[in-house]
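Here is the structure we will look at.
Protein chains: 2
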Amino acid sequence: MSETHSPGTPVGEFGDMDPEVFRTYGHRIIDWIADYLAEVDRYPVLAEVAPGQVRQQLPLQPPDEPESMDSILDDLEKIIVPGLTHWNHPAFFAYFAITGSGPGILGELLCAAFNVNAMLWKTAPAATELEEVVLGWLRQMLGLPPSFQGIIYDTASISSLHAIAAAREMVPGAEVREKGLAGRPEVPRLRLYTSEQAHSSIEKAAITLGVGQEGVRKIPVDEAFRLDPRALERAIEEDRAAGWRPFCIVATVGTTSTTSVDPVPAIADIAERYGLWLHVDAAYAGSAAILPEMRRVLDGCDRADSIVVNPHKWLFTPIDLSAFYCRRFDVLRRAFSLVPEYLRTVEDEQVRNYMDYGVQLGRRFRALKLWMVIRTFGHKGLAARIRQHIRWAGRVAQWIDAHPDFERLAPVPFSTICFRARPHDLPDGGDDVEAYLDELNEALLHAVNRTGRVYLSHTRLRGMFVLRMAIGNLRTTEEHIARAWALLKEHAARLDAERRPAHWRA
Amino acid sequence: MSETHSPGTPVGEFGDMDPEVFRTYGHRIIDWIADYLAEVDRYPVLAEVAPGQVRQQLPLQPPDEPESMDSILDDLEKIIVPGLTHWNHPAFFAYFAITGSGPGILGELLCAAFNVNAMLWKTAPAATELEEVVLGWLRQMLGLPPSFQGIIYDTASISSLHAIAAAREMVPGAEVREKGLAGRPEVPRLRLYTSEQAHSSIEKAAITLGVGQEGVRKIPVDEAFRLDPRALERAIEEDRAAGWRPFCIVATVGTTSTTSVDPVPAIADIAERYGLWLHVDAAYAGSAAILPEMRRVLDGCDRADSIVVNPHKWLFTPIDLSAFYCRRFDVLRRAFSLVPEYLRTVEDEQVRNYMDYGVQLGRRFRALKLWMVIRTFGHKGLAARIRQHIRWAGRVAQWIDAHPDFERLAPVPFSTICFRARPHDLPDGGDDVEAYLDELNEALLHAVNRTGRVYLSHTRLRGMFVLRMAIGNLRTTEEHIARAWALLKEHAARLDAERRPAHWRA
Chain A
1 MSETHSPGTP VGEFGDMDPE VFRTYGHRII DWIADYLAEV DRYPVLAEVA PGQVRQQLPL
61 QPPDEPESMD SILDDLEKII VPGLTHWNHP AFFAYFAITG SGPGILGELL CAAFNVNAML
121 WKTAPAATEL EEVVLGWLRQ MLGLPPSFQG IIYDTASISS LHAIAAAREM VPGAEVREKG
181 LAGRPEVPRL RLYTSEQAHS SIEKAAITLG VGQEGVRKIP VDEAFRLDPR ALERAIEEDR
241 AAGWRPFCIV ATVGTTSTTS VDPVPAIADI AERYGLWLHV DAAYAGSAAI LPEMRRVLDG
301 CDRADSIVVN PHKWLFTPID LSAFYCRRFD VLRRAFSLVP EYLRTVEDEQ VRNYMDYGVQ
361 LGRRFRALKL WMVIRTFGHK GLAARIRQHI RWAGRVAQWI DAHPDFERLA PVPFSTICFR
421 ARPHDLPDGG DDVEAYLDEL NEALLHAVNR TGRVYLSHTR LRGMFVLRMA IGNLRTTEEH
481 IARAWALLKE HAARLDAERR PAHWRA
Chain B
1001 MSETHSPGTP VGEFGDMDPE VFRTYGHRII DWIADYLAEV DRYPVLAEVA PGQVRQQLPL
1061 QPPDEPESMD SILDDLEKII VPGLTHWNHP AFFAYFAITG SGPGILGELL CAAFNVNAML
1121 WKTAPAATEL EEVVLGWLRQ MLGLPPSFQG IIYDTASISS LHAIAAAREM VPGAEVREKG
1181 LAGRPEVPRL RLYTSEQAHS SIEKAAITLG VGQEGVRKIP VDEAFRLDPR ALERAIEEDR
1241 AAGWRPFCIV ATVGTTSTTS VDPVPAIADI AERYGLWLHV DAAYAGSAAI LPEMRRVLDG
1301 CDRADSIVVN PHKWLFTPID LSAFYCRRFD VLRRAFSLVP EYLRTVEDEQ VRNYMDYGVQ
1361 LGRRFRALKL WMVIRTFGHK GLAARIRQHI RWAGRVAQWI DAHPDFERLA PVPFSTICFR
1421 ARPHDLPDGG DDVEAYLDEL NEALLHAVNR TGRVYLSHTR LRGMFVLRMA IGNLRTTEEH
1481 IARAWALLKE HAARLDAERR PAHWRA
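So the sequences go chain by chain: A and B.
If you count the first sequence from 1, position 358 lands on 358 in this note's numbering, and the numbers rise without skipping.
If you count the second sequence from 1, position 476 lands on 1476 in this note's numbering, and the numbers rise without skipping.
Structure (structure tokens):
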């Protein structure tokens, strides 16, 4: 990325980088990114570095004197890039595969350039109003009613934390905001309900909010990893009888391990019956609802009190952008608004000051990138891309189902497949067979990931070590998927041949 | 920013924006930003739009079909930019003046392009290790000992929330993480101590964590707006006698209204004596400690348990980047680590997985921009810029002190000046004079801000309406400061002449 001849000192005496230097290196970085994104499948997906290897190449003391952008970009190429796991790689199938996309990257560039803090309407009117408008667009694309108002947070962890905080604020007589929870015998222990398959951020939010891990009751799931509403209702009844105060249910549309969809309509019935806040974590799979044929995945969510969908997961927006919708913005405000004198403005009664609705005072202009992404692709274009990912996942599921030495371990409602190698000529079951399969599949995961040509992650389902393949990258093609499948078959066969105990050999 | 002829459809059938289109518009946006930053003082500082004016110009429905980048950039120029308050403007003196800087903007561009989630070492080894290294650099520049380990969060609001959560985790026998705080008569009510001048984020964190507003005891300040340690000790003794459990003190280095510095050494003595967690909020002013002659502002902070410094405030790094240092990383981890199966990696025992130390699972590669900023300017270059801001603030203070119709209302330890117009020939005091001065200064604030040539904010000190002028922008020059002072003098004289009641006229 660098040139042989460095320009002179890159900065003015006391000012910012010279505009012409910014221009020169800005162009060079844009070119580098264009090349990087066009050729990202030349890199190993998973970084091929040992712990400490990047650190060892970096000076441990800060530079006293200015350094040239050439030397910085050289180090970027030589030290940083080889130490990165490439989330842009078309064969990144781990966790949830995400893509930043060109318009999203350019949106972040502009966001950084404007560098506004959208804490108050006055401090960035266009950022506040664009946030309202673009969250209105997304809400319509998702098919949610206008009773939902939106706010952008950084992550789903923070969105769900706000949802549960609002639920806590609704506990009658508790006055949590004013009095807190500690040392108050008149406030019962609080319980929130979510499935065994819920994301760890729900439990983390409960820890943060002083509800505690014991305040989270994990409800069993059915054979398709969906929360069992009868078990939920029994748990609530039991807890009430035992003196707990149920206050919140968190349903998931698209759980992290299997992307299962909890039965939100039945859960909403229960939430209404018991007067509990219903929050829906649709951080990943919510985006699928922009497809007319997938809108049903949000059935019942119109009755939720709040829902989170992360455009930085499956809507081609660079991390971070979490869209939080709430039907009780008044409660959110009651829980969090705190306006010191130095943040009062004459417009306060006429406008929305987003700082009133959250923990964080500092707020980046995140709406800009989502606006650029939605406009560049259009609703139809975004839907077509997600539809393609879902179609490909269906194809992988078919390959697995048709193969005698693999088995699929969960339904595939979106674009994530849970499966494992299971050679057809192994005995039918027993703990030692299961232990062998765990070892085989763990070895398989590491073997395919070590090739650098694919990156998958894993989970455990009913005790079994399970591989996950998540499709969500804009650069993924059928070839990448076929290659991943070929690698899995090849390494599974090899590893099984090498490792299988003699008494199970044919 | 646009050209007359739009290129064809900007996106491939199911992929990302075409690399050549990205290149073309990337260059154009870089050029636009270079021009914008070079000429930002041509814009009105404060947006000249009415509430709703931006929203009215935007379609309320999302586009079905793709739109060209030309039309997006046209709307950016015609609708968004005129609706922004320009935090880059050299005469932005409100709140705390911040600057993103060229290398920081380019760092954000690369961060968006890589789009890694640095939740685990494995998912972005270079991001994790660069975060460790660059926070080590900043720690050394600040003169903090190596016993402090660092993590980057988004905002100081979140950094301080983590500090107070760690403090809460240390309450003996409380087991807050496991059991929460509700319905536990054995846990006493918790109290944290901070000054009347502390930032609102401290109280918000207490609300979030279930400590509650009543759990925050605000300690009086001395004549220079510094927390009074004797009053702090009395409050702790009183609370203990009354059955409260003191658990945390938050001291501030650079309060938001006046940038006063709490006496951290005396507060550290008290924290040690009573076994309380000491957190230091140095979000703004901490950066000044990179000047050798200002290092004393962090005196005593080596004895704190945690400290937050925001490079996105006064270290020329685009929002958001909050550096949190903690001497008890083990406690932070105990409070927040929660590792579901799908996030386990074989490297877990050898590496730092930053997700273990916070609420948020999603973590942007924020270290990159700070690395680029520190290298581009060098420690000396950063120090020279901050030194210049402090010097200019001293000059403004002198102007105010020397002027018969203005008065300064707080010491100026950094680059923020608190003052008001106070015509010399007004009577000496009384409620009606004070009421007039409040009106006069509020009118003065709006008058100078309406010129579009300067943006100041306000606070209240001892009941008085006070203007604040905060210097922190890389593009600010002596001319901008002189112009602001001229505007203040001119409008104060005019407004006083127009508004002063007849019985106070000479």
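Note that beta-carbon positions come from the ideal geometry of N, C-alpha and C, so glycine has one too.
For clarity, every value in this text was computed on a predicted model and none was experimentally measured.
Check, Outcome
"Using C-beta distances below 6 Å, list every residue in its chain close to residue 411 of chain A, excluding the 5 sequence neighbours before and after it, in chain order.", "224"
"Taking Cβ positions, are residue 1250 of chain B and residue 1164 of chain B nearer each other than 9 Å?", "yes"
"When DSSP labels each residue in this structure, what does residue 1261 of chain B get in the three-state scheme?", "strand"
"Distance, Cα to Cα, residue 508 of chain A vs residue 235 of chain A?", "Residue 508 of chain A lies beyond the stretch modelled for chain A, which goes from 1 to 506, so this question has no answer here."
"Does residue 1338 of chain B come out as helix, strand or coil in the three-state DSSP assignment?", "coil"
"Strictly under 9 Å for the Cβ-Cβ distance: is residue 82 of chain A near chain B by that measure?", "yes"
"Would residue 257 of chain A count as contacting chain B if we go by Cβ distances under 9 Å?", "yes"
"Does any residue of chain B have a CB that is nearer than 9 Å to the CB of residue 124 of chain A?", "yes"
"Roughly how many angstroms lie between the CA atoms of residue 1420 of chain B and residue 1489 of chain B, to the nearest whole one?", "11 Å"
"Quick one: Cα of residue 1110 of chain B to Cα of residue 1246 of chain B, how far?", "45 Å"
"Touching or not, the region 261–270 of chain A and the region 363–374 of chain A, by the rule of three or more beta carbon pairs under 8 Å?", "no"
"DSSP three-state label for residue 218 of chain A, please.", "strand"
"Going by C-alpha to C-alpha distance, which of A:471, A:203, A:115, A:244 sits closest to residue 1084 of chain B?", "A:115"
"For residue 464 of chain A, go through chain B and note every residue whose CB falls closer than 8 Å to its CB, in chain order.", "Under the 8 Å cutoff, chain B gives no residues; its nearest Cβ is about 11 Å from residue 464 of chain A."
"Based on DSSP bridge pairs, tell me the residues matched to residue 389 of chain A.", "Answer by DSSP bridge pairing: none, since residue 389 of chain A is not bridged."
"If I follow the unbroken beta strand (DSSP E) through residue 1193 of chain B, where does it start and stop?", "1190–1195"
"Below 7 Å on C-beta distance, what does residue 319 of chain A contact in chain B?", "1115, 1117, 1362, 1364"
"The beta strand (DSSP E) spanning residue 1281 of chain B covers which residue range?", "1277–1281"
"Cβ atoms of residue 89 of chain A and residue 153 of chain A: under 9 Å apart, would you say?", "no"
"May I have the straight-line CA-CA distance separating residue 1282 of chain B from residue 1347 of chain B, to the nearest angstrom?", "34 Å"
"Going along the chain, which residues of the region 1021–1050 of chain B sit with their C-beta nearer than 8 Å to a C-beta in chain A?", "1021, 1022, 1023, 1025, 1026, 1027, 1029, 1030, 1031, 1033, 1034, 1035, 1036, 1037, 1038, 1046, 1047, 1049"
"Using Cβ-Cβ distances below 9 Å, what residues of the region 187–198 of chain A are close to chain B?", "187, 188, 189, 190"
"From the DSSP output, in three-state form, read off residue 469 of chain A for me.", "strand"
"With a 10 Å radius around its C-beta and 16 neighbouring C-beta atoms as the bar for buried, classify residue 132 of chain A as buried or exposed.", "buried"
"Specify, as a first and last residue, the run of the alpha helix (DSSP H) that residue 286 of chain A falls within.", "No alpha helix (DSSP H) contains residue 286 of chain A, which DSSP labels as neither H nor E."
"Do we get a CB-CB distance below 9 Å when we pair residue 1498 of chain B with the residues of chain A?", "no"
"Can you give me, in chain order, the residues of the region 78–103 of chain A that have a beta carbon less than 9 Å from any beta carbon in chain B?", "79, 80, 81, 82, 83, 84, 85, 86, 87, 88, 94, 95, 98, 99, 100, 101, 102, 103"
"CA-CA distance, residue 141 of chain A and residue 1323 of chain B?", "37 Å"
"Pairs of beta-carbons, one from the region 295–305 of chain A and one from the region 347–366 of chain A, closer than 8 Å: are there three or more?", "no"
"Can you check whether the C-beta of residue 140 of chain A is within less than 9 Å of a C-beta belonging to chain B?", "yes"
"How would you label residue 1260 of chain B, buried or exposed, when you count the other beta carbons within 10 angstroms and need 16 or more for buried?", "buried"
"Helix, strand or coil for residue 9 of chain A per DSSP?", "Model confidence at residue 9 of chain A stands at a pLDDT of 39, short of 50, so the residue's coordinates are unreliable; what they give is reported in the following sentence. Reduced to three states, the DSSP call for residue 9 of chain A is coil."
"Do we get a CB-CB distance below 9 Å when we pair residue 1246 of chain B with the residues of chain A?", "no"
"Any C-beta of chain A within less than 8 Å: which residues of the region 1377–1394 of chain B qualify?", "1377, 1378, 1379, 1380, 1381, 1384, 1385, 1388"
"If I'm right that residue 1297 of chain B touches residue 1288 of chain B with Cβ under 8 Å, what's the distance once you round it to whole angstroms?", "6 Å"
"Whose Cβ in chain A lies nearer than 7 Å to the Cβ of residue 1014 of chain B?", "384, 385, 388"
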